[in-house]
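First up is the structure itself, then whatever we jot down about it.
2 protein chains.
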Amino acid sequence: MNQALNQDCALIALDWGTSSLRCYRFDRSGQVVERRAHPWGIMNLPAVGHGEDAHAPYRAALEAACGDWLKAAPGAPLIAAGMVGSKQGWREAAYLNVPLAPALIGSQLTEVDTGLGRPLWIVPGLLEAGALPNVMRGEETQVIGALQTRTERELLIGLPGTHSKWVRVIEGRIEHFDTFMTGEVYGALCGHTILGRTMQKPEVADDEAFLRGAGVARTAQGKSGVLANIFSSRTLGLTGELAAEAQPDYLSGLLIGHEIAALKNLYPTTPAIVLIGDPGLCRRYQLALDLYGLGPAAESGAATEAGLWILAQHAGLLA
Amino acid sequence: MNQALNQDCALIALDWGTSSLRCYRFDRSGQVVERRAHPWGIMNLPAVGHGEDAHAPYRAALEAACGDWLKAAPGAPLIAAGMVGSKQGWREAAYLNVPLAPALIGSQLTEVDTGLGRPLWIVPGLLEAGALPNVMRGEETQVIGALQTRTERELLIGLPGTHSKWVRVIEGRIEHFDTFMTGEVYGALCGHTILGRTMQKPEVADDEAFLRGAGVARTAQGKSGVLANIFSSRTLGLTGELAAEAQPDYLSGLLIGHEIAALKNLYPTTPAIVLIGDPGLCRRYQLALDLYGLGPAAESGAATEAGLWILAQHAGLLA
Chain A
3 MNQALNQDCA
13 LIALDWGTSS
23 LRCYRFDRSG
33 QVVERRAHPW
43 GIMNLPAVGH
53 GEDAHAPYRA
63 ALEAACGDWL
73 KAAPGAPLIA
83 AGMVGSKQGW
93 REAAYLNVPL
103 APALIGSQLT
113 EVDTGLGRPL
123 WIVPGLLEAG
133 ALPNVMRGEE
143 TQVIGALQTR
153 TERELLIGLP
163 GTHSKWVRVI
173 EGRIEHFDTF
183 MTGEVYGALC
193 GHTILGRTMQ
203 KPEVADDEAF
213 LRGAGVARTA
223 QGKSGVLANI
233 FSSRTLGLTG
243 ELAAEAQPDY
253 LSGLLIGHEI
263 AALKNLYPTT
273 PAIVLIGDPG
283 LCRRYQLALD
293 LYGLGPAAES
303 GAATEAGLWI
313 LAQHAGLLA
Chain B
3 MNQALNQDCA
13 LIALDWGTSS
23 LRCYRFDRSG
33 QVVERRAHPW
43 GIMNLPAVGH
53 GEDAHAPYRA
63 ALEAACGDWL
73 KAAPGAPLIA
83 AGMVGSKQGW
93 REAAYLNVPL
103 APALIGSQLT
113 EVDTGLGRPL
123 WIVPGLLEAG
133 ALPNVMRGEE
143 TQVIGALQTR
153 TERELLIGLP
163 GTHSKWVRVI
173 EGRIEHFDTF
183 MTGEVYGALC
193 GHTILGRTMQ
203 KPEVADDEAF
213 LRGAGVARTA
223 QGKSGVLANI
233 FSSRTLGLTG
243 ELAAEAQPDY
253 LSGLLIGHEI
263 AALKNLYPTT
273 PAIVLIGDPG
283 LCRRYQLALD
293 LYGLGPAAES
303 GAATEAGLWI
313 LAQHAGLLA
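Here it is, written out as C-alpha cells:
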C-alpha cells in the first residue's frame, strides 16, 4: 500500500526547466518508484494571490506537483536541477567553472527555504569562460547520470535539443563543451521566415529528405555555410526537386548536418560518443553521425534521474 | 509646366517587390524626373470589390500609384522588375538560366495586359541550376544598372539585404551567384529566439559591437560555425561582457562576418567588389569587408532605376 511505499521514500527530485517540471520519487535503493510531469516550468508557474512574495509561485507549483509525496515522507530530502537555479529562477545557483570533476558539483548545491518543511537543494549550472563563454543548466545532471555507466577514457556526450550541448569528458572530468542553437534556429526558420511558407508537415518522418539535407555540409556547396545553404529548402521547392512535405525534414537535416560537420572540425580524432535525449531526436542524430562516419553512438536513457540521485549522494543528502 | 514634362515622358518603370511598389518616370534622356514609393507590394495589394478578376488588385495598385503618369503620357511604355513576376505575382516571368550575358535579359520580357491602355513588360528573374539551385528576382535589374559604369574584367557584386546576393561577373557575363539569408535569419533570431530576450535596441549603431561580432568567424571558435557562435550573444550578456544594448549589433556582425568569411572561402582571390543597397547596410558590409581584407568596395547608387532604363532599351521599348 501507498503508506508503506512512501515510508520507503529516500529522495524527491525535480527536473525544473523553462517549460516543465518533472518530479521523481526514489526508494532507498535508488530506484524511481513514481514520476510525474507538469507544465509548470519557471516561465509558466501557477498564478498566486496578490501580495504574495516572489517565492509563492514556486511554492505553489511544488506543493501542487508533489505535496502528497512531501507529506508522506517528511524526512525525504528535496533536490532540483535546471533553470529553477537561473537568475530568473527560484534562487540563483551560481555557475561552477569548467574544467571540473563532476563529483564536486554535489558539494556546491544552493539551499532554498521552501516554506514546506524542508529546504530545496538546487544544482549549479556550469560555465566555461573564454572569448565566447558557454553555459549549461540541467545538462550537467544528465552528464553525471550518463557517466555512471561509462568506462571510456575519453567521451563526447551529445545532448541534442533546443540548444544542443556537446560535452567533452576526459578521465571522468568535464573538460569542455559547446552549444549549438540548432533546435531553436530550426523552429525560428520554420515559423518565422520564408522557408516555412512553402513547407507542409509530413505525416511520418522523411529520413530520405533528412539525409539529403544532412549531407549538404560536406559537399562543395557546404563551404558557403549554413546561412547560404538553408535557402536551398526554398529553391529546390521552386524547381520541383523537393516536395513541400519533404522540406521540414530536409531543413532539419541541413542544420544538424552542419552541427555534425562542425564537430568533425572540432574533434579530428573523434572520441566515443554517447547521446542523451528524446529518442526520436537521438535517432536523427544517429543518422547524421553515421553519415559523417562518427556513428554509431551509444545512447543513455534516464540520465536525468540517475544524475539527480548521484548528486544527492555527493551532497550527503542520503546519509 | 507638368503637361510639358509629361509629354517628354519616355518610360514608366516599376520596382515591384513583396512589400513595396516603387515608381520611376523617365525623360527622353534617361533621367528620372519623378519617383514615388507605395506600400503596395504583391503581398499587400489594395482591396478590390468582389467578383473582380485576379488582375484587379494589380490594376488598382498600378492606377493608384501612377494613373496620372499613364494618362499624361499615353505613348510611354511600362516595365517592371521584382516579385511581380513570380508565381505569386501578376504573371510569372519564367527564370532565365545563369550563366548568361545580361544584355539578353531585355529580349525576354513577359507581357501582361494591364487593361489600362498599354501592356506591362515584366523582367524575368535568374535561376542557377545545380545541386542547390539559386534564384533572384529584381536583383538582376540592379546588377545590370551597376554594370553600366564598371569596366573591370572580373567583379563580385554584393546586394546585402533580407536575402544577400553575391553575383560573380566575368567579362560582362553573370557567371554565378549565391544567396545568404543573413538579414531574414537576423530578424528571426532577434524576434523569435532566446537571443532577443536579453537585447535592447541601441540608440545609435554600435560599430564596436558590430566589429566584435564580425570578427568571430575568423577566430578559432569560428570553426564551430554560426549555429554555435550565435549563442555567445546570450552568454557574453550573462557574464557581464556584452551589454544588452550591444547585443543586436554584435549578433548582426556575427552573422555578416560568417557571410563574408564564407565569401573568402568561395573566392580565394577576391575580385573587385561593388555593393548595391541601403546605405546604412552597405556601411556595415564595408566594415566587415575591411575586417576580412576585402575592402574597400565601390558602391553603386540608383542601380534599380538605371537597370530598368537599360532593360527597356534592350527590349526595344524606347525605339
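Quick mapping for you: the protein sequence lines, in order, are chains A and B. Every letter in the first sequence is one number past the one before it in my numbering, and letter 137, counting from 1, is 139. Every letter in the second sequence is one number past the one before it in my numbering, and letter 76, counting from 1, is 78. Even glycine gets a Cβ: it sits at the ideal position worked out from N, Cα and C.
- Straight across, the Cα-Cα distance linking residue 195 of chain A with residue 45 of chain B is about 15 Å.
- With a threshold of 8 Å between beta carbons, residue 271 of chain B makes no contact with chain A.
- About 3 Å separates the beta carbons of residue 139 of chain A and residue 127 of chain A, which is inside the 8 Å limit, making them a contact pair.
- Taking 8 Å as the cut-off, the Cβ atoms of residue 317 of chain A and residue 108 of chain A count as close.
- Under the 8 Å criterion on CB atoms, residue 238 of chain B is classed as interfacial with respect to chain A.
- Proximity of residue 241 of chain A to chain B, defined by a Cβ-Cβ separation below 8 Å, is satisfied.
- Here the alpha carbon of residue 309 of chain B sits roughly 46 Å from the alpha carbon of residue 293 of chain A.
- The three-state reading of DSSP puts residue 260 of chain B in helix, counting H, G and I together.
- Restricting attention to beta strand (DSSP E) runs no shorter than 3 residues, the region 209 to 278 of chain A encloses them at 274 to 277, ordered along the chain.
- Minimum Cα-Cα distance from residue 35 of chain A among the listed residues A:22, A:20, A:53, A:11 corresponds to A:11.
- Taking 8 Å as the threshold, the shortest C-beta distance from residue 187 of chain A to chain B falls below it.
- Residue contact with chain B for residue 184 of chain A: present (Cβ-Cβ distance below 8 Å to some residue of chain B).
- Relative to the Cα of residue 214 of chain B, the nearest Cα in the group B:200, B:179, B:229, B:251 belongs to B:251.
- Inclusion of residue 125 of chain A and residue 179 of chain A in the CB contact set at 8 Å is not warranted, their separation being larger than that value.
- Counting only residues of its own chain and dropping the five nearest sequence neighbours on each side, residue 25 of chain B has a CB closer than 6 Å to the CB of 16, 38, 67, 68.
- Scanning A:95, A:287, A:118 for the CA closest to the CA of residue 137 of chain A turns up A:95.
- One Cα belongs to residue 290 of chain A, the other to residue 115 of chain B, and the distance between them is close to 51 Å.
- The three-state secondary structure of residue 109 of chain B, taken from DSSP, is helix.
- Taking a C-beta cut-off of 8 Å against chain B, none of the residues of the region 33 to 64 of chain A qualify.
- When rounded, the separation of the alpha-carbon atoms in residue 60 of chain B and residue 92 of chain B is 7 Å.
- Rounded to whole angstroms, the gap between the alpha carbons of residue 30 of chain A and residue 13 of chain A is 8 Å.
- Taking a Cβ-Cβ cut-off of 8 Å, residue 112 of chain B has no neighbours in chain A, whose nearest Cβ is about 17 Å from it.
- DSSP, read as helix, strand or coil, puts residue 188 of chain A in helix.
- Not a single CB atom of chain A sits nearer than 8 Å to the CB of residue 21 of chain B.
- At a beta-carbon threshold of 7 Å, the residues of chain B lying near residue 261 of chain A are 229, ordered along the chain.
- Any Cβ of chain A closer than 8 Å to the Cβ of residue 212 of chain B would place that residue at the interface, and such an atom is absent.
- Per DSSP, reduced to three states, the secondary structure at residue 121 of chain A is strand.
- Classified as exposed, residue 271 of chain B has fewer than 16 neighbouring CB atoms from the shown chains inside 10 Å of its CB.
- According to the DSSP assignment, residue 181 of chain B belongs to the beta strand (DSSP E) that extends over 175 to 182.
- Three or more Cβ pairs closer than 8 Å define a contact, and the region 186 to 205 of chain A meets that threshold against the region 174 to 193 of chain B.
- Per DSSP, the beta-bridge partners of residue 36 of chain B are B:27.
- Taking the beta carbon of residue 180 of chain A as reference, the chain B residues within 8 Å of it are 226, 230, listed in sequence order.
- Rounded to whole angstroms, the Cβ separation of residue 218 of chain A and residue 253 of chain A is 10 Å, and the two are not in contact under 8 Å.
- Measuring C-alpha to C-alpha distances from residue 269 of chain A to each of B:88, B:226, B:237 identifies B:226 as the nearest.
- Neighbours of residue 194 of chain B across chain A, judged by C-beta separation under 7 Å: 190, 193, 194.
- Restricting attention to alpha helix (DSSP H) runs no shorter than 4 residues, the region 44 to 80 of chain B encloses them at 58 to 74, ordered along the chain.
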